[in-house]
Each structure stands twice: as structure tokens, then as C-alpha cells.
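Structure, as C-alpha cells:
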Amino acid sequence: MAEITLKSLAHSYSPNPTGPEDYAIREMDHVWHKGGAYALLGPSGCGKSTMLNIISGLVRPSDGDILFDGKRVNELSPTERNIAQVFQFPVIYDSMTVYENLAFPLKNAGKSKEQIKKKVAEVAAILELEPVLSKKAKGLTADEKQKISMGRGLVRDDVSAILFDEPLTVIDPQLKWKLRRKLKQIHEQFDLTMVYVTHDQLEASTFADKIAVMYGGVIVQFGTPRELFESPNHTFVGYFIGSPGMNLVEVSRCDGGVCFDDMVVPLSDELLKHIDNKGSKNLKIGIRPEFVNVVDQPADDTYECQVRDVEDLGTYKIIALKLGNQILKVRVDEDHQLNGDVVHVGFPRQWLKLYVDEFLIEEQAE
Ligand code: ADP
Ligand code: MG
Numbered sequence: 008m009a010e011i012t013l014k015s016l017a018h019s020y021s022p023n024p025t026g027p028e029d030y031a032i033r034e035m036d037h038v039w040h041k042g043g044a045y046a047l048l049g050p051s052g053c054g055k056s057t058m059l060n061i062i063s064g065l066v067r068p069s070d071g072d073i074l075f076d077g078k079r080v081n082e083l084s085p086t087e088r089n090i091a092q093v094f095q096f097p098v099i100y101d102s103m104t105v106y107e108n109l110a111f112p113l114k115n116a117g118k119s120k121e122q123i124k125k126k127v128a129e130v131a132a133i134l135e136l137e138p139v140l141s142k143k144a145k146g147l148t149a150d151e152k153q154k155i156s157m158g159r160g161l162v163r164d165d166v167s168a169i170l171f172d173e174p175l176t177v178i179d180p181q182l183k184w185k186l187r188r189k190l191k192q193i194h195e196q197f198d199l200t201m202v203y204v205t206h207d208q209l210e211a212s213t214f215a216d217k218i219a220v221m222y223g224g225v226i227v228q229f230g231t232p233r234e235l236f237e238s239p240n241h242t243f244v245g246y247f248i249g250s251p252g253m254n255l256v257e258v259s260r261c262d263g264g265v266c267f268d269d270m271v272v273p274l275s276d277e278l279l280k281h282i283d284n285k286g287s288k289n290l291k292i293g294i295r296p297e298f299v300n301v302v303d304q305p306a307d308d309t310y311e312c313q314v315r316d317v318e319d320l321g322t323y324k325i326i327a328l329k330l331g332n333q334i335l336k337v338r339v340d341e342d343h344q345l346n347g348d349v350v351h352v353g354f355p356r357q358w359l360k361l362y363v364d365e366f367l368i369e370e371q372a373e
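Quick note on numbering: the sequence shown equals residues 8 to 373 in my numbering.
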């Protein structure tokens with residue numbers, strides 16, 4: 008296992024990039040620590056596969072360095088880097104049996120027959136491939152083939168890291184859940200560094216201890232599922248994580264705070280100083296639907312809203328409220344009763360976030 012460091016990394020597929028939009032990876036630094044179970048989460052086209060392929064050596068980055076345990080590996084081939092990579096679609100040998108497929112990476116690595124037998128049995132048991140071990144891969148279902156593909160990535164425990172690029176795309180939903188649990192189990196059992204690419208937040212949070220959220224070619228936040236939920240570092244994280252995502256409202260600087268429509272949201276002097284120092288007009292406030300307080304009676308720090316829609320989701324409700332010209336989504340308990348069409352909302356200071364140029368600005372802890 009290795010610690011993988013990406014230093015001032017950038018990549019453009021164009022030979023003559025002219026601006027940031029020509030880059031699939033925009034300049035970034037990142038460290039994947041040894042033994043971690045990580046997810047790389049982001050929408051299609053944000054650069055996830057490019058990053059994995061740069062780590063494994065399939066793609067040479069245009070700028071920056073890749074370090075394994077502090078040593079530069081830019082010039083090393085995928086084999087020399089000793090990375091196992093599992094792709095979206097199965098990569099297996101159809102004419103070989105399942106056993107031979109699983110044994111292949113071990114054979115190549117020069118393992119003894121005994122070692123191979125033991126490891127193949129172990130991985131086949133976890134992936135429930137035992138009943139088909141002696142069958143040719145050719146006749147198997149898409150699910151089984153992808154399990155073999157994953158197994159081929161998992162048989163070697165001496166690799167620097169295992170990279171999964173949306174490996175469960177072709178898998179049936181029921182089995183998907185099961186395999187995700189298994190991967191987690193394998194991680195715990197074998198103490199491997201794993202990076203798991205997905206565009207599904209649920210998949211990311213069930214697998215990973217820590218999630219890197221990627222957007223527009225950079226990692227905009229690297230944190231635990233809880234950190235991403237409670238303190239999104241970028242508006243995209245707020246929007247992408249959570250269901251529904253964070254309420255984000257464009258605001259402008261005004262006396263004592265920020266404003267939208269005819270509402271004033273007071274902010275601390277410290278935050279206002281940040282805004283003034285940055286001098287940007289791109290200001291937003293954000294609050295998650297779970298953290299908005301809904302009350303019947305107005306108070307000094309509440310705002311009057313009209314109820315537009317109530318969606319009952321069984322154990323909770325999502326209420327759409329109109330505040331000024333904005334629509335605010337609020338999540339309340341299933342037994343929350345609304346008295347009429349007008350409610351008042353409060354934004355607990357701790358959960359009201361300020362974004363300047365899409366990035367979170369926080370007060371310094373005392
Ligand atoms: P993701 O895996 O997050 O969907 P990719 O890393 O595949 O994203 O792609 C990132 C960006 O790079 C996209 O704009 C994509 O069109 C572009 N891209 C990916 N592969 C190539 C390639 N081989 N040649 C040119 N452009 C590419
Ligand atoms: Mg991809």
C-alpha cells in the first residue's frame with residue numbers, strides 16, 4: 008500500500024490548451040492516505056476517470072507530479088506502479104475459467120501455486136463465485152463477469168492501491184448493495200488503499216470513510232459524509248449532497264449583512280469584513296432543508312413565508328416555501344402540522360453558511 012500524493016496536478020487532453028475550460032483536471036493538490044477507503048464523487052465529465060487513469064499511469068498528466076510514498080512515479084508504467092484498476096465494464100479473459108481469470112494477476116506477480124490457490128479461494132468466497140470457478144467466463148452473466156473483474160482487482164494484496172471506476176454500473180441494484188458491503192468488508196479485512204469512483208452519493212457514503220467531491224476538474228472538498236453534510240466547503244457540495252440539496256440564495260452586501268429581495272440577513276462583523284476584503288459580487292447564503300426552523304409565530308429573527316407545496320415522504324415532509332422571490336425547501340418531521348398558508352422560518356446561525364465566489368467563508372474558531 009502506498010500514500011498517493013498529487014502535486015500541482017493538471018491535465019488537458021488538448022495539445023494546445025488556451026484556458027481553464029480546456030483542462031479536464033485543473034491545477035490541484037491532493038493526498039490519498041495509506042489504507043484509506045475513499046470515494047471520488049462528482050457528476051459525469053468532472054474528471055474522475057481522468058484522475059484515476061493519471062494515478063494508475065494510463066494517462067500522463069500535462070503538469071504536476073504523482074508521488075507514491077514520496078517518490079515521483081510520473082515516468083513509471085501502470086505495471087511498475089503496481090496498481091489494480093477495476094473499470095466500469097468487465098475486463099476478463101472469456102476463454103479462461105473463472106479460476107484462471109482470478110489466478111492470472113497472481114501468476115504474473117510470480118506467486119506460488121499454494122499462495123494462488125489460497126487467495127483465489129478467499130476472494131471467490133467473498134464474491135460468491137465459488138459455484139462457477141471451473142466454468143469458462145464466456146457463458147456467464149454480466150453481473151458474474153463484473154464480479155470476476157472486481158475479483159481480479161482484489162486478489163493481490165501487495166498492490167499500491169486499488170482503483171474502482173464506477174464498477175457497479177452494470178450490476179443489478181439488489182446485488183449492487185451487497186457488493187458495496189463486500190468491498191467495505193474486503194477493505195477492513197485486507198487493509199488496502201481503495202479509491203472508488205461514483206456519481207452516486209449514497210454509494211459513496213456507504214463505501215467510504217472519506218469522500219472527495221470533484222467538480223469542474225478539481226476536488227472541492229475532501230471530508231467525511233458528515234462534514235460534507237454539515238459544512239459544505241463549496242456550493243456544489245451543498246447542492247449535490249443531500250436530498251433535496253442545500254438552499255442557496257444569491258445575495259448582495261448591504262448595511263449590517265447581506266440582502267435578497269427586501270430581506271436582510273444580518274452577519275457578524277468578521278464575515279462582513281471577509282466579504283469586503285474579497286470585493287466579489289458573487290455572494291450566496293446557504294442552509295440545508297434539515298436545518299431551517301419552522302415556527303407559527305413571528306420573532307425578531309424570523310422571516311415570513313408562504314407555503315407552496317408539501318411533499319409527504321412517509322417519515323418526513325419536504326415543504327416548499329416562498330420567501331420573497333425565492334423558493335426554500337424545508338424538511339420537517341412527519342407529524343409537523345402546518346397552521347394555514349403562512350409560516351415563519353428562522354436560520355440558526357450555526358447552520359447558515361456564507362459563500363463567496365462559491366467557496367465557504369467561515370468565522371475563525373475562538
Ligand atoms: P468523468 O469520469 O468524471 O465522467 P472524465 O475524466 O471521463 O470525467 O472526463 C473529463 C473531461 O475530459 C470531459 O470533458 C471529457 O469529455 C474529457 N475527456 C475524457 N477523456 C478524453 C479523451 N480521451 N480525449 C479528450 N477528452 C477527453
Ligand atoms: Mg468516468
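All residues carry an ideal CB built from backbone N, CA and C; glycine is no exception.
query	result
Where residue 350 falls, given that 16 or more other Cβ within 10 Å makes a residue buried	buried
Closest Cα partner of residue 22 within the set 61, 55, 67	67
Residue 147 vs residue 127 beta-carbon contact at 8 angstroms	no
Residues that residue 266 bridges to, as DSSP identifies them	259, 271
Local Cβ density within 10 Å of residue 38, reported as buried at 16 or more and exposed below that	exposed
Inter-residue spacing [alpha-carbon to alpha-carbon] between residue 199 and residue 100	25 angstroms
Spatial distance of residue 46 from residue 303 (CA atoms)	41 angstroms
Cβ neighbour criterion (16 or more within 10 Å) applied to residue 172	buried
Buried versus exposed call for residue 233 [16 or more other C-beta atoms within 10 Å across all chains shown]	exposed
Alpha-carbon to alpha-carbon, residue 325 and residue 339	6 angstroms
Counted within 10 angstroms of its Cβ, other Cβ atoms place residue 92 as buried (16 or more) or exposed	buried
Backbone secondary structure at residue 15 - three-state DSSP	strand
In DSSP terms, what residue 40 is bridged to	Beta-bridge pairing links residue 40 to no other residue.
Closer than 5 angstroms to ligand 1: residues, by C-beta to nearest heavy atom, in chain order	20, 31, 51, 52, 53, 54, 55, 56, 57
Extent of the continuous beta strand (DSSP E) to which residue 163 belongs	Note, residue 163: premise wrong, no beta strand (DSSP E); not H, not E.
Nearest-angstrom Cα separation, counted from residue 177 out to residue 255	34 angstroms
Selected residue, minimal CA-CA separation from residue 371, among 98, 280, 291	280
Three-pair Cβ contact test at 8 angstroms for the region 269 to 289 versus the region 73 to 91	no
Other residues of its chain near residue 163: CB distance less than 7 angstroms, five sequence neighbours each side excluded	91, 112, 113, 116
Any chain B beta carbon closer than 8 angstroms to residue 371	The chain labelled as chain B is not found in the depicted structure, where only one protein chain is given.
Host alpha helix (DSSP H) of residue 245 (start-end)	242 to 247
Straight-line gap, residue 267 to residue 292 (C-alpha atoms, nearest Å)	10 angstroms
Beta-carbon separation (whole angstroms), residue 309 vs residue 352, contact threshold 8 angstroms	6 angstroms
Residues bridged to residue 337 (per DSSP)	326
Paired residues, beta bridge with residue 193 - DSSP	Answer by DSSP bridge pairing: none, since residue 193 is not bridged.
Proximity test, residue 207 beta-carbon vs ligand 2 heavy atom, cut-off 7 angstroms	no
Near ligand 3: residue 179 beta-carbon under 7 angstroms from a heavy atom	This structure simply doesn't include ligand 3; it includes ligand 1 and ligand 2 instead.
contact_flag[the region 130 to 148, the region 199 to 216] where n(CB pairs < 8 angstroms) is 3 or more	no
Sufficient close CB pairs (3 or more, under 8 angstroms) joining the region 179 to 194 to the region 149 to 162	yes
Buried or exposed by the 16-neighbour rule on C-beta atoms within 10 Å, applied to residue 156	buried
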